[in-house]
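Chemist:
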Amino acid sequence: MKVILLEDVKGVGKKGEAVNASEGYAKNFLIPRKLGVEANPSNLNEIKLRKQSEDKRKAEKLAAAKELKAKIEEKVVKIAVKTGDNGKLFGSVTNKEIALALEAQAGIKMDKKKIVLDDQIKMVGEKTVVVKIHPQVSAELKVAIIEA
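Start counting the sequence shown at 14; every next residue gets the next number (our numbering).
Below, the structure is given as structure tokens:
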């Protein structure tokens, strides 16, 4: 019996796939537990339309991420911190501070977990950090550390 899976089923297939399952397995396990539906023309068409709308939504998110990347890369975020001798900071600049400064100065709200620091920022100067906006899109943000 041909069944369209509504959820990932271990050992059978992934969500949205049309698979051949034994009639007993399909009628007694997959369909009653809402893990799959019978593969008739209307259900196949509905799955196809869902996949198209999901692909469209993913493309829109990717386009929005690329626009945000362009906005982020043209900005320079300035963070004023207390420093000691030779331009060394008391402590370090964290990704949370960078996220707050980005929101305050550029109006771009970004989760601190998306800002990747290669190493701690402990000196005055300009540093480039990576911002992961989307799984396929990452931007480089310039951060200027200045003395307060």
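C-beta: ideal position from N, C-alpha, C; glycine also.
The structure displayed is predicted, hence computed values, not measured ones.
In the DSSP assignment, the alpha helix (DSSP H) including I111 goes from what residue to what residue?
Modeler: That run of the alpha helix (DSSP H) goes N108 to A119.
Chemist: Classify S35 as helix, strand or coil using the three-state DSSP reduction.
Modeler: If DSSP states are grouped into helix, strand and coil, S35 belongs with coil.
Chemist: What span of residues does the alpha helix (DSSP H) with E73 cover, start to end?
Modeler: E73 -> alpha helix (DSSP H) spans P54 to E86.
Chemist: So, helix, strand or coil for K125, using DSSP?
Modeler: In the structure shown, K125 sits in a helix (DSSP, three-state: H, G or I).
Chemist: What residues are listed by DSSP as bridge partners for E139?
Modeler: Bridge partners of E139: A157.
Chemist: Please name the residue in K47, E67, E80 and G24 whose C-alpha comes closest to that of I121.
Modeler: Of the listed residues, the one whose Cα sits closest to I121 is E80.
Chemist: Who are the Cβ neighbours of I60 in its own chain at under 7 angstroms, not counting the five residues just before and after it?
Modeler: Closer than 7 angstroms at Cβ, skipping near neighbours: I17 and G29.
Chemist: If you measure between the beta carbons of V156 and V143, is that distance less than 9 angstroms?
Modeler: No.
Chemist: Measure how close the beta-carbons of I146 and K82 come, nearest whole angstrom, since I'm counting them as under 8 angstroms.
Modeler: 6 angstroms between Cβ atoms; contact.
Chemist: Please state the DSSP three-state secondary structure of L102.
Modeler: Here L102 sits in strand by DSSP.
Chemist: In three-state DSSP terms, what is K23?
Modeler: Of the three classes helix, strand and coil, the one that applies to K23 here is coil, per DSSP.
Chemist: I'd like to know whether the C-beta atoms of E20 and A93 end up nearer to each other than 9 angstroms.
Modeler: Not a contact, by the Cβ cut-off of 9 angstroms.
Chemist: Suppose contacts are defined by Cβ-Cβ distances below 9 angstroms. Is L43 in contact with I85 by that definition?
Modeler: Contact flag unset, no.
Chemist: For L62, does the count of other Cβ atoms within 10 angstroms reach 16, so buried, or fall short, so exposed?
Modeler: Per the 10 Å Cβ criterion, exposed.
Chemist: Starting from E51, trace the beta strand (DSSP E) in both directions and tell me its first and last residue.
Modeler: Where E51 is concerned, the enclosing beta strand (DSSP E) stretches over G49 to E51.
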